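Numbering (our numbering), first residue to last: 294 to 557.
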């Protein structure tokens, strides 16, 4: 994985550059988050929320007519869901959240339990920004390769941390190290309290650190009504690409909403 350090330019400059970056595509996968590092703000280092208002923590919902494993929302409505695997440098995570909020976008964050152990204030920060918060397992290992007991512990371990920090096990479950959950993992997620598994139909490949232009082209080239996009905290390319993606979403008259709003 590349250790590239892409500077985070101002939104105005990114808007100007947006048109030049939208062309092309690539492949699919998911690697370990958090490659890039920068000093975290004191609030994040100390596990403190950056906001004082407490948004009630939503619980998982069943969506009638939807499969257990959801890849995208309705194709007839101009909405998309930007979903983030929650791990990595909290300073970069805070930058993503702030940029989305400036644009009026709401995200879905699937948090890793061990990341919440290190940065407990991030759970409340995500909710207070109006975003969805969900479960991406406790350790972010290959859950599909685990036996039943260990896989269930991975799901419930993160769920317990979410409940302790927010009062809810989170709105969604997404398997770790995999785009799709096996039938066993789907059953275990339902047993843990998640009626659905949240997959995606657009893979950004931002975890490969391909550069801002490549991330933007990949997502923009595949984005359509109802898309669920897979992105990651912990990468500077992602932070820098987000304003461009939000500009493109707005240009297409789409709305970036939470996964719950996308399916509602």
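Ideal Cβ positions, reconstructed from N, Cα and C, are used throughout, including at glycine. All of these numbers come straight from a predicted model, not from anything done at the bench.
Count the other C-beta atoms from every protein chain shown that fall within 10 angstroms of the C-beta of residue 371, then say buried if there are 16 or more, exposed otherwise. exposed
Proximity to residue 434 [Cα-Cα], best of 426, 425 and 444: 444
Pairs of beta-carbons, one from the segment 523–543 and one from the segment 381–399, closer than 8 Å: are there three or more? yes
Just how far apart, CA to CA, sit residue 483 and residue 449? 11 Å
Which residue or residues does DSSP assign as beta-bridge partners of residue 379? 404
Selection from 519, 554, 491 and 506 that minimises the alpha carbon distance to residue 377: 491
Alpha carbons only, please: which of 470, 417 and 424 is nearest the one belonging to residue 439? 470
Is the distance from the Cβ of residue 542 to the Cβ of residue 373 below 8 Å? yes
In the DSSP output, which residue or residues are listed as bridge partners for residue 489? Looking at the DSSP assignment, residue 489 forms no beta bridge with any residue, so it has no partner.
Pick helix, strand or coil for residue 421, following the three-state DSSP scheme. helix
Other residues of its chain near residue 556: CB distance less than 6 Å, five sequence neighbours each side excluded: 356 and 366
Where residue 419 and residue 409 are concerned, what is the direct C-alpha to C-alpha distance, given to the nearest angstrom? 12 Å
As assigned by DSSP and simplified to three states, the class of residue 361: coil
Suppose only complete runs of 3+ residues qualify. What are the beta strand (DSSP E) ranges in the segment 407–463, listed by chain order? 425–428
Between the Cα of residue 501 and the Cα atoms of 525, 453 and 478, which residue gives the shortest distance? 525
State the Cα-Cα distance for the pair residue 499 and residue 527, rounded to the nearest angstrom. 10 Å
To the nearest whole angstrom, what separates the beta carbons of residue 451 and residue 428, a pair I think is in contact under 8 Å? 5 Å
For residue 462, which residues of its own chain have a beta-carbon under 6 Å away from its beta-carbon, when the five flanking residues on both sides are left out? 452, 455, 456 and 486
Tell me whether residue 500 sits in a helix, a strand or coil according to DSSP, three-state version. helix
Does DSSP put residue 545 in a helix, a strand or coil? coil
The alpha helix (DSSP H) that contains residue 556, what's its start and end? 552–556
To the nearest whole angstrom, what separates the beta carbons of residue 416 and residue 404, a pair I think is in contact under 8 Å? 7 Å
Going straight from the alpha carbon of residue 522 to that of residue 361, what length do you get? 18 Å
Residue 472 by DSSP, collapsed to three states: which one? coil
Less than 8 Å between the C-beta atoms of residue 268 and residue 503, yes or no? Residue coverage of the chain in this structure runs from 294 to 557, which leaves residue 268 outside it and unanswerable.
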